[in-house]
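Asker: Encoded as C-alpha cells, here's the structure I'll be asking about.
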Amino acid sequence: MLTTSLLLFLHLIAVTFWVGGMAVMHVAVRPAAVATLEPPQRLPFMAAALSRFFVGVSIAVATVLVSGLGLVMAAGGFARVHWSVHGMFTVGLVMMVLFLHIRFAPYARLQRAVAAREWPVAAVQLGNIRKLVAVNLMLGVGVVALAVVGRAF
Ligand code: HEM
C-alpha cells in the first residue's frame with residue numbers, strides 16, 4: 000500500500016513536470032522569446048532553454064515508465080488492470096517515442112545550426128520542435144483525461 004502510494008506519487012510528479020513543462024515552453028517561453036529577441040539572441044536562448052528542459056524530461060520519462068510498470072505489477076499485471084491503463088501505456092509509449100525523435104532529430108539539428116550560427120536553419124528546426132511539442136502536449140492532456148475520467152467507464 001505504501002509502495003503503491005509512493006509509486007503513484009513519483010508517477011504523478013513526473014507527469015506533472017513533463018506535461019506542465021511542455022505547456023510553459025509552448026505558451027510562455029517561446030512566444031516571449033519571439034516577442035522580445037532577434038534571431039541571433041532568440042535561437043541560442045531557446046536552444047539553451049530546451050537543453051536544460053530536456054534533461055528534466057529524460058528523467059521524467061524514465062520515472063513515468065518505471066513507476067507506471069511498477070503500478071501495473073503491483074496490481075497483478077496487465078491482465079488485471081482497467082482498459083484505461085492499457086490506453087495510458089499505449090499513448091504514453093507514443094509520447095516517449097515522439098520525445099526521443101524530437102531530442103535526437105530536430106533538437107540535435109537545432110544545436111548544430113546554432114553552433115554554426117546558421118539562423119534560418121535553426122529557425123526551421125525550432126519550428127519543427129514547436130509543432131511536435133504541441134502534439135505531445137495534446138497527447139499528454141489526453142492521457143491524463145483517459146487515466147482519470149476513463150476509470151469511470
Ligand atoms: C507509459 C507507461 C505508463 C504506465 C505503464 C502507466 C501506468 C499507470 C498505472 C498502473 C496507474 C494506476 C491506475 C489506477 O490505480 O487506477 C497510473 C496512474 C496514472 N497515470 Fe499512468 N502510466 C503510464 C504513463 C502515463 C502518462 C504518459 C501519463 C500522462 C501524461 C499518465 C498519467 C497518469 C495519471 C494522471 C494517473 C492517476 C490516475 C488516477 O489515479 O485517477 N500515465 N498509471
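Okay, so the sequence shown: first residue is 0 according to numbering that gives the first Met the number 0, each after it adds one. Every residue gets a Cβ at the ideal spot worked out from N, C-alpha and C, and that includes glycine. Nothing here was measured: the structure is a model prediction, and the numbers come from that model.
Answer with buried or exposed for residue 58, where buried requires no fewer than 16 other C-beta atoms within 10 angstroms of its C-beta.
Answerer: Per the 10 Å Cβ criterion, exposed.
Asker: Reducing DSSP to helix, strand and coil, say where residue 0 ends up.
Answerer: Here residue 0 sits in coil by DSSP.
Asker: Can you give me the C-alpha to C-alpha distance between residue 115 and residue 123, rounded to a whole angstrom?
Answerer: So the two alpha carbons sit approximately 14 angstroms from each other.
Asker: Any chance the CB of residue 23 is under 7 angstroms from a heavy atom of ligand 1?
Answerer: No - ligand 1 has no heavy atom lying nearer than 7 angstroms to the Cβ of residue 23.
Asker: Just verifying my parser: in three-state terms, what is the DSSP assignment at residue 74?
Answerer: Three-state result, residue 74: coil.
Asker: At which residue ranges does the region 89-119 contain complete alpha helix (DSSP H) runs of 4 or more residues, listed in the order of the chain?
Answerer: Listed in chain order, the complete alpha helix (DSSP H) runs (minimum 4 residues) inside the region 89-119 are 105-114.
Asker: For ligand 1, I want to know if residue 100 counts as a neighbour, meaning its beta carbon is within less than 7 angstroms of at least one of the ligand's heavy atoms.
Answerer: Answer for residue 100: no, Cβ out of range of ligand 1.
Asker: Express the C-alpha separation of residue 144 and residue 10 in angstroms, rounding to a whole number.
Answerer: C-alpha separation (whole angstroms): 15 angstroms.
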